[in-house]
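Contents: one structure, followed by commentary.
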């Protein structure tokens, strides 16, 4: 069997609700931090925001999943739904009001590859 050479190494799931003050900076930090990962998937899972979060996120080259307000909403639901829409070897979860340092993901994935007994 020939291994899939096109496998995505990293998927990022951003979750949020009413994060309009932060979501753009969060997404940009993820885009900056994933430049070393060709084909990286970035998904924003929005928990029925009533502000401009989705509108702001639409300005970026990412996938957006919107949860309905009548659904059972929780951070766990957002992470779960995001995870089932990814195909990366590694999945990084981040909240929409958080940011990452540019080299953090590269270092984290490298560490995980070098230490397969470690989970994160």
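Numbering (my numbering), first residue to last: 39 to 158. All residues carry an ideal CB built from backbone N, CA and C; glycine is no exception. Keep in mind that this is a model prediction, so the values were computed, not measured.
- Inclusion of residue 46 and residue 75 in the CB contact set at 9 Å is warranted, their separation being smaller than that value.
- Between the region 76 to 86 and the region 148 to 156 there are fewer than three inter-stretch CB-CB distances shorter than 8 Å, so the stretches are not counted as touching.
- Note on geometry: alpha-carbon atoms of residue 90 and residue 134 lie some 13 Å from one another.
- Counting C-beta pairs closer than 8 Å gives three or more between the region 57 to 77 and the region 141 to 152, which meets the contact rule.
- Within 10 angstroms of the beta-carbon of residue 67 lie 16 or more other beta-carbons, which makes it buried.
- Residue 55 sits buried, since 16 or more C-beta atoms from the chains shown fall within 10 Å of its C-beta.
- Secondary structure remark: continuous alpha helix (DSSP H) runs of at least 4 residues inside the region 73 to 115, in chain order: 91 to 95.
- Pairing residue 129 with residue 49 gives a Cβ-Cβ distance under 9 Å.
- In this structure, the CA atom of residue 53 is about 24 Å from the CA atom of residue 148.
- When only Cα atoms are considered, residue 116 and residue 122 end up about 10 Å apart.
- Excluding residues up to 5 positions away in sequence, 86 lie with their Cβ nearer than 8 Å to the Cβ of residue 106 in the same chain.
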